[in-house]
Structure formats: C-alpha cells, structure tokens
C-alpha cells in the first residue's frame with residue numbers, strides 16, 4: 028500500500044537538490060498530477076551582504092516543521108511533502124529553504140506550498156543574522172509585520188478544504 | 030530546569046543555556062522571566078522588549094501565561110526570521 032502522504036523534513040547545513048526531491052516525490056506513483064515547489068535564496072539587495080548566518084533551535088525546528096506539514100495535510104489532499112531548511116553560514120545566491128508539495132491537482136499543491144512557507148517564516152525557530160561586507164557590522168534580521176499578517180488569511184474561513 | 034536562549038536573547042544574556050533550580054513560586058513562563066530579570070542587568074536587557082520575546086516548552090510554542098510544571102526545557106527567543 029502506498030503511504031497516503033509521505034513527509035520528509037530536513038534541517039541540515041548542506042545544500043539540497045530540488046530536482047531530485049521532485050523526482051523522488053512522484054517516483055512509482057501515477058496518482059500525482061501536480062508538484063509545486065518554492066525555493067528561498069540568500070538575497071543581497073544592495074551589494075552589502077557578505078554572508079548570512081542562520082541559527083536554529085535543534086529539535087524544535089524539525090518538530091515545528093513537522094507540525095506545519097501535518098496541518099497542511101489536514102487542509103488539502105496532499106500526496107507528498109518535502110521541507111528542507113539549511114542552517115549555518117550562507118553566501119548570497121545560495122539556497123536556504125525548499126518546500127515541495129504533491130497532489131492530484133495544482134490548486135492543492137500550490138496552496139499547500141504557500142501555506143507551509145507562511146507558517147515556516149513565523150513559527151519555525153530559525154533566526155537570520157546579516158554579516159555586512161563593509162566593516163564587521165552584524166545585525167539580526169527583524170521579523171516582518173507582513174509575515175505575521177500573512178498567517179491571518181489562513182485563519183479566515185474557506186481557505187483549503189479536504 | 031534547563032533554560033535555553035537563541036539569537037539576540039542568547040547574545041544579551043551571554044550564554045546559550047543553563048540549568049536553574051526555580052523556586053516553587055515560579056509557576057508560569059511569565060514567572061520565570063520575572064525571576065531571570067531579577068538576576069542581573071544582562072537578563073533585564075534581554076527581556077526589556079518583553080512582548081516580543083517568544084517562549085517554547087519542551088520544543089513547542091507556548092504563551093507566556095503557560096505553566097511550566099512537568100516541562101524539562103524552556104526556551105526564550107526573538108520573533109523568528111527563517112525561510
């Protein structure tokens with residue numbers, strides 16, 4: 028029997044292979060019609076960032092991502108979820124996070140990916156510290172109001188159904 | 030009880046974790062913060078923006094009114110900025 032919705036959660040320092048994850052999700056399954064993916068990159072807006080340091084809470088990071096993935100399976104008929112988040116020091120342009128969701132149809136796959144990213148940003152215990160290229164300035168990145176506001180739309184009725 | 034700190038909360042307190050014997054009167058997460066703030070300037074500085082500090086008991090988010098009885102690990106950290 029095929030597992031209804033296999034969930035892969037990974038919190039590790041190393042880079043990941045999104046194409047391999049996409050291929051693995053649908054391997055041996057003919058009922059999957061849509062795979063949506065989001066990849067977040069280390070961004071340098073004004074040429075001022077030399078590196079990004081990501082701190083995490085070992086154990087809780089994995090646990091929280093698992094809770095968010097499980098919530099997504101309650102809202103949409105998903106057929107596979109992969110969430111990968113790196114920690115440690117990253118250079119501009121490097122991948123930080125990937126969320127990949129499989130379903131029969133694109134609506135569920137796209138919405139679930141969006142949902143997982145919204146909750147990941149506000150509830151998964153990761154913190155970014157920017158290392159600037161000039162001098163030795165370091166700054167913790169502030170949480171964005173927009174990220175907190177993004178969660179609210181998922182609490183309003185009618186978003187996601189099974 | 031094991032208390033762990035992350036990001037700028039950790040930096041302001043000057044340590045990543047510590048084991049504390051809490052008095053019986055310390056029952057909630059809020060009580061723990063009051064207890065810590067009374068311990069010194071570094072703690073007071075870390076918790077000065079108290080409303081923005083998040084807490085987790087045994088690696089799950091909780092409100093500051095949550096009771097700590099039975100929990101082994103309490104974490105304090107700033108709003109999360111992953112993704």
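Chains as they are written, first to last, in this note's numbering: chain X, 28 to 189; chain G, 30 to 112. For glycine and all other residues, C-beta sits at the position ideal for the given N, C-alpha and C.
Where residue i falls, given that 16 or more other Cβ within 10 Å makes a residue buried
| i | result |
| --- | --- |
| residue 149(X) | buried |
| residue 188(X) | Any reading at residue 188(X) must be qualified, since the residue scores a pLDDT of 48, below 50, and its modelled position is unreliable; the value itself is stated next. Looking at its Cβ environment, which holds fewer than 16 other Cβ atoms inside 10 Å, residue 188(X) is exposed. |
| residue 28(X) | With a pLDDT of 44 at residue 28(X), under the threshold of 50, the modelled position of this residue cannot be trusted; read the value that follows with caution. By the 10 Å Cβ count, residue 28(X) comes out exposed. |
| residue 66(X) | exposed |
| residue 31(G) | exposed |
| residue 85(X) | exposed |
| residue 36(G) | buried |
| residue 166(X) | exposed |
| residue 169(X) | exposed |
| residue 138(X) | buried |
| residue 141(X) | buried |
| residue 179(X) | exposed |
Within chain G, the residues that residue i reaches when beta carbons sit closer than 9 angstroms
| i | result |
| --- | --- |
| residue 37(X) | Near residue 37(X) there are no residues of chain G at all, since even the closest Cβ is about 14 angstroms away, more than 9 angstroms. |
| residue 90(X) | 88, 89 |
Beta-carbon neighbours of residue i, restricted to chain X and to distances below 9 angstroms
| i | result |
| --- | --- |
| residue 35(G) | 82, 83, 84, 152, 154 |
Contact list for residue i against chain X, beta-carbon separation under 8 angstroms
| i | result |
| --- | --- |
| residue 106(G) | 84, 152, 154 |
| residue 30(G) | Residues of chain X passing the Cβ test: none, with the nearest at roughly 16 angstroms. |
CB-CB length for residue i against residue j, believed under 8 angstroms
| i | j | result |
| --- | --- | --- |
| residue 160(X) | residue 58(X) | With 8 angstroms as the limit, residue 160(X) and residue 58(X) do not qualify as a contact, their Cβ atoms being about 49 angstroms apart. |
| residue 56(X) | residue 117(X) | With a Cβ gap of about 33 angstroms, residue 56(X) and residue 117(X) do not count as contacting. |
| residue 90(X) | residue 88(G) | 5 angstroms |
| residue 43(G) | residue 60(G) | Not confirmed; about 22 angstroms, so no contact. |
| residue 39(X) | residue 113(X) | 7 angstroms |
| residue 81(G) | residue 108(G) | 6 angstroms |
| residue 125(X) | residue 64(X) | 7 angstroms |
| residue 96(X) | residue 143(X) | 7 angstroms |
Listed by chain order, chain G residues near residue i by CB distance under 8 angstroms
| i | result |
| --- | --- |
| residue 87(X) | 85, 88, 89, 104 |
| residue 67(X) | 112 |
Interface residues of chain G facing residue i [CB-CB closer than 7 angstroms]
| i | result |
| --- | --- |
| residue 93(X) | Result: empty, since nearest Cβ-Cβ is about 11 angstroms, beyond 7 angstroms. |
| residue 168(X) | 110 |
What residue ranges within the segment 80-133 of chain X form continuous beta strand (DSSP E) runs of no fewer than 3 residues, ordered along the chain? 105-113, 115-117, 122-130
Members of the segment 108-125 of chain X near chain G, C-beta cut-off 8 angstroms: 112, 123, 124
I'd like the ranges of any beta strand (DSSP E) spanning at least 3 consecutive residues and lying wholly in the segment 139-175 of chain X. 153-159, 165-167
Would you list, in sequence order, the uninterrupted beta strand (DSSP E) runs of no fewer than 3 residues that lie entirely inside the segment 46-83 of chain G? 46-48
To be precise: take each residue of the segment 139-150 of chain X, compare its Cβ to all Cβ atoms of chain G, and keep it if any distance is under 8 angstroms. Which residues remain? 144, 147, 148, 149, 150
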